[in-house]
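Trainee: 71 is the number that my numbering gives to position 61 of the sequence shown; each next residue is one higher, with no gaps.
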Amino acid sequence: MKVLHNMHPNDTKHYDTERLREAFLCEELFQLGKINVVYSHIDRLVALGIMPNSQETLSLDEVIDKKSFGTDFFLQRREMGIINLGGAAVIDTQQGRYTLAHLDALYLGKETQNISFSSLDTQNPAVLYGLSVPAHHQYPNKLIKYEEARKVQLGSLANANARRINQYLHPDILETCQLCMGMTELEKGSVWNTMPAHTHERRMEAYLYFNIEPDQVVFHFLGEPTETRHIVVRDKQLIISPSWSIHSGCGTKNYSFVWGMAGENQTFDDMDFIAMQDLR
Numbered sequence: 011m012k013v014l015h016n017m018h019p020n021d022t023k024h025y026d027t028e029r030l031r032e033a034f035l036c037e038e039l040f041q042l043g044k045i046n047v048v049y050s051h052i053d054r055l056v057a058l059g060i061m062p063n064s065q066e067t068l069s070l071d072e073v074i075d076k077k078s079f080g081t082d083f084f085l086q087r088r089e090m091g092i093i094n095l096g097g098a099a100v101i102d103t104q105q106g107r108y109t110l111a112h113l114d115a116l117y118l119g120k121e122t123q124n125i126s127f128s129s130l131d132t133q134n135p136a137v138l139y140g141l142s143v144p145a146h147h148q149y150p151n152k153l154i155k156y157e158e159a160r161k162v163q164l165g166s167l168a169n170a171n172a173r174r175i176n177q178y179l180h181p182d183i184l185e186t187c188q189l190c191m192g193m194t195e196l197e198k199g200s201v202w203n204t205m206p207a208h209t210h211e212r213r214m215e216a217y218l219y220f221n222i223e224p225d226q227v228v229f230h231f232l233g234e235p236t237e238t239r240h241i242v243v244r245d246k247q248l249i250i251s252p253s254w255s256i257h258s259g260c261g262t263k264n265y266s267f268v269w270g271m272a273g274e275n276q277t278f279d280d281m282d283f284i285a286m287q288d289l290r
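(1) Given a cut-off of 8 Å on the beta-carbon distance, is the pair Arg239 and Val227 in contact?
(2) Taking the beta strand (DSSP E) that Lys152 belongs to, which residues open and close that run?
(3) Look at the alpha carbon of Ser50 and the alpha carbon of Thr109, and state the distance between them as a whole number of angstroms.
(4) Does the distance from the C-beta atom of His208 to that of Asp282 stay below 8 Å?
(5) Run through the region 56-119 for me and flag every whole alpha helix (DSSP H) of 4 or more residues, listed as ranges in chain order.
(6) Which one or two residues does DSSP pair with Asn124 in a beta bridge?
(7) Candidates Glu195, Lys44, Ser69 and Tyr217: which alpha carbon is nearest Phe84's?
(8) Residue range of the beta strand (DSSP E) that Ala216 falls in?
(9) Could you tell me whether the region 164-173 touches the region 245-255, where touching means 3 or more Cβ pairs closer than 8 Å?
(10) CB-CB under 7 Å to Arg87, same chain, minus the five flanking residues each way: which ones, in chain order?
(11) Let me check understanding here. Comparing Cα to Cα, which of Ser266, Ala272 and Arg290 lies closest to Leu113?
(12) Is Asn94 buried or exposed, if buried means 16 or more other CB atoms sit within 10 Å of its CB?
(13) Quick one, are the C-beta atoms of Leu39 and Gly59 less than 8 Å apart?
(14) Please report the distance separating the alpha-carbon of Lys246 from that of Met205.
(15) Evaluate Leu138 with the Cβ neighbour count: other Cβ atoms within 10 Å of its Cβ, from every protein chain shown; 16 or more gives buried, anything less gives exposed.
(16) Figure out for me which residue from Leu196, Thr186, Thr236 and Cys187 has the closest Cα to the Cα of Asn176.
(17) Where do the ends of the alpha helix (DSSP H) carrying Glu32 lie?
(18) Identify which residue in Ile241, Ser255 and Asp279 has its Cα closest to the Cα of Thr27.
(19) Which same chain residues end up closer than 7 Å to Glu200 when comparing Cβ atoms and leaving out the 5 residues on each side of it in sequence?
(20) Do His230 and Gly259 count as a contact pair if the criterion is CB distance below 8 Å?
(21) Rounding to the nearest angstrom, what Cα-Cα distance links Gly233 and Gly91 in this structure?
(22) DSSP on Thr262, reduced to helix/strand/coil?
(23) Check Leu167 in the structure and name its three-state DSSP category.
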């Protein structure tokens with residue numbers, strides 16, 4: 011399990027490129043036949059990259075030990091959201107079985123046990139991205155199909171930021187303790203996300219970029235609004251942002267990303283926008 015620590019903005023402004031990448035970026039979250047786990051001290055967020063091949067089932071209990079979380083099983087005091095970025099997947103739990111097509115999502119509430127993952131197609135394995143945060147209440151598990159996600163159109167081609175936001179774990183779709191998740195798809199000809207930039211002191215946010223072609227990249231912008239930095243990001247790489255940091259990106263071509271938030275509230279538009287003339 012990879013562990014990421016929190017950092018103070020006064021320290022971050024002195025980081026070089028390599029140190030920025032160590033602090034904010036997870037480069038190899040997905041490996042065939044493995045469950046990779048990243049534990050962030052920012053709001054106790056856990057990110058999981060799960061890529062089962064069709065020959066075997068991957069069990070969460072086999073990679074999450076009790077000592078790491080101080081509980082008898084992973085979701086004893088946590089909730090989790092999962093979005094499938096690959097081929098069809100089956101997720102088995104003590105409470106039921108769920109089949110996820112490409113871009114479907116699943117919410118697993120507190121106290122869900124015996125979680126395992128498998129792919130249905132040898133040629134097209136599932137690529138399951140999970141986020142988990144502490145939970146105080148048990149809400150029902152729920153499968154959210156891609157077409158059932160709440161769709162919001164934002165931006166314009168004139169500003170190179172025309173995009174569709176798909177809200178899965180969102181108060182208008184289902185109840186969760188604190189976790190929110192969704193996926194943003196940029197239209198062809200658009201490359202900017204989340205600009206004008208914002209922060210939200212009441213929530214942290216994580217971006218998992220995907221649909222980036224091998225010869226393309228995204229420049230992810232972070233840091234305090236007056237002390238911005240950037241990290242070059244490639245396909246299926248994860249950025250974890252503290253609440254004081256902006257989180258925005260510009261690609262060499264259109265792309266997609268999964269966003270996840272945890273913190274004080276679930277109000278999607280509770281943001282502190284930064285005027286363009288104030289960015290530095």
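Note that the Cβ used here is the ideal one computed from N, Cα and C, for glycine as well.
Mentor: Answer, in terms of the structure:
(1) Position 229 of the sequence shown, counting from 1, holds the residue named residue 239. Position 217 of the sequence shown, counting from 1, holds the residue named residue 227. Their beta carbons are not under 8 Å apart, which means Arg239 does not touch Val227 by this criterion.
(2) For the purposes of this step, residue 152 is taken as residue 142 along the sequence shown, with counting starting at 1. Here the beta strand (DSSP E) through Lys152 covers Lys152 to Ile154.
(3) If you number the sequence shown from 1, residue 50 lands on position 40. If you number the sequence shown from 1, residue 109 lands on position 99. Their backbone Cα atoms lie some 28 Å apart in a straight line.
(4) Position 198 of the sequence shown, counted from the first residue, corresponds to residue 208. Position 272 of the sequence shown, counted from the first residue, corresponds to residue 282. Yes, the pair counts as a contact, with Cβ atoms nearer than the cut-off.
(5) 76-79
(6) Taking the first residue of the sequence shown as position 1, residue 124 is located at position 114. None, per the DSSP bridge assignment.
(7) In the sequence shown, counting from the first residue as 1, residue 84 sits at position 74. Checking every option, the nearest Cα to that of Phe84 belongs to Ser69.
(8) On the sequence shown, residue 216 is found 206 positions in, with the first residue counted as 1. Ala216 -> beta strand (DSSP E) spans Arg213 to Phe220.
(9) no
(10) Position 77 of the sequence shown, counted from the start, is the residue given in the question as residue 87. Excluding residues within five positions, the ones whose Cβ falls inside 7 Å are Thr81, Lys120, Pro144 and Ala145.
(11) For the purposes of this step, residue 113 is identified with residue 103 of the sequence shown, where counting begins at 1. Here the closest residue by C-alpha is Ser266.
(12) Position 84 of the sequence shown holds residue 94. Classification for Asn94: buried.
(13) The residue you call residue 39 lines up with position 29 of the sequence shown. The residue you call residue 59 lines up with position 49 of the sequence shown. The answer is yes: Cβ separation under 8 Å.
(14) Stepping through the sequence shown from its first residue, residue 246 is reached at position 236. Stepping through the sequence shown from its first residue, residue 205 is reached at position 195. Those two C-alpha atoms are separated by around 21 Å.
(15) Translated into the one-based positions of the sequence shown, residue 138 becomes position 128. Burial call: buried.
(16) Counted from its first residue, the sequence shown places residue 176 at position 166. Selected option, being the one with the closest Cα: Leu196.
(17) Stepping through the sequence shown from its first residue, residue 32 is reached at position 22. Note, Glu32: alpha helix (DSSP H), Thr27 to Phe34.
(18) As a working mapping, residue 27 is identified with position 17 in the sequence shown. Residue Ile241 is the option with its Cα nearest to Thr27.
(19) Position 190 of the sequence shown, counted from the start, is the residue given in the question as residue 200. Reading off the sequence, residue 200 comes out as Ser, not Glu. Cβ neighbours of Ser200 beyond the five flanking positions: Gly165, Leu167, Ala170, Asn171, Ala172, Arg173 and Asn264.
(20) To locate residue 259, count along the sequence shown from 1; it is residue 249. To locate residue 230, count along the sequence shown from 1; it is residue 220. Cβ distance < 8 Å, so Gly259 and His230 count as in contact.
(21) Residue 233 sits at position 223 when you count from the first residue of the sequence shown. Residue 91 sits at position 81 when you count from the first residue of the sequence shown. If I take the Cα positions, the gap works out to 26 Å.
(22) Residue 262 sits at position 252 when you count from the first residue of the sequence shown. Three-state result, Thr262: coil.
(23) Taking the sequence shown and counting its residues from 1, one reaches residue 167 at position 157. The answer is helix: DSSP assigns Leu167 an H, G or I state.
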